[in-house]
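Data first, discussion second: the structure below is written as structure tokens.
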Amino acid sequence: MSTKLELLKSAYTNKQTGQIQDPLIKDVVDLVESRVEDILMTQKATCEDQSTVSSANSLTRDQLNNHVLEAVPKKRGRYVGLDCSISTGGSSASVHCPIPVQDLIEQIKNKNK
114 MSTKLELLKS AYTNKQTGQI QDPLIKDVVD LVESRVEDIL MTQKATCEDQ STVSSANSLT
174 RDQLNNHVLE AVPKKRGRYV GLDCSISTGG SSASVHCPIP VQDLIEQIKN KNK
């Protein structure tokens, strides 16, 4: 799956010139990329052995998406340039089910009886 940063770049990059035309989106992409670089450099500087350095070379998709959402301005309850509304919850990949799945399966089986 793509990150929100990759989606922004793909959607707003002029295919002929390879440049992002929209100045707002270009600023957001530049800001997020510089933040990510700063975070990765900080992680590398704080790591003492090589085994942790290799694991510090990237951020998770959720971390990267959160940086994008922090940088993107909001207008009328939506993130500018992204097709998603503002929510207080996490991404759809981290949906929390309040009832354990096994309990749901048992409830369905009992309904069918």
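Quick note on the numbering used here: the sequence shown kicks off at 114 and runs consecutively.
Quick reminder that beta carbons are idealized off the backbone N, C-alpha and C, glycines included.
Keep in mind that this is a model prediction, so the values were computed, not measured.
Consult DSSP for residue i and reduce its assignment to one of helix, strand or coil.
i      : result
His209 : Because the pLDDT of His209 is 48, which lies under 50, any placement of that residue in the model is unreliable, and the question is left without a value.
Lys128 : coil
Please report the residue range of the alpha helix (DSSP H) in which residue i lies.
i      : result
Val145 : 136–159
Arg189 : Note, Arg189: premise wrong, no alpha helix (DSSP H); not H, not E.
Val181 : 174–184
Count the other C-beta atoms from every protein chain shown that fall within 10 angstroms of the C-beta of residue i, then say buried if there are 16 or more, exposed otherwise.
i      : result
Gly190 : exposed
Leu118 : buried
Leu177 : buried
Ala158 : exposed
Ala124 : exposed
Ile133 : buried
Roughly how far, in whole angstroms, is the beta-carbon of residue i from the beta-carbon of residue j, given that I think they are within contact range, below 8 Å?
i      : j      : result
Leu144 : Gly194 : Wrong, their Cβ atoms sit about 13 Å apart, outside the cutoff.
Thr116 : Arg174 : 5 Å
Hey, does residue i have any beta-carbon neighbour from chain B nearer than 7 Å?
i      : result
Gln215 : Given the protein chain composition of this structure (a single chain), no chain B is represented.
With distances taken from CA atoms, which of the options is nearest residue i?
i      : options                        : result
Leu182 : Glu146, Thr155, Asp151, Met154 : Glu146
Glu150 : Ser171, Asp175, Ser115         : Ser171
Lys139 : Val185, Gln156, Met154         : Val185
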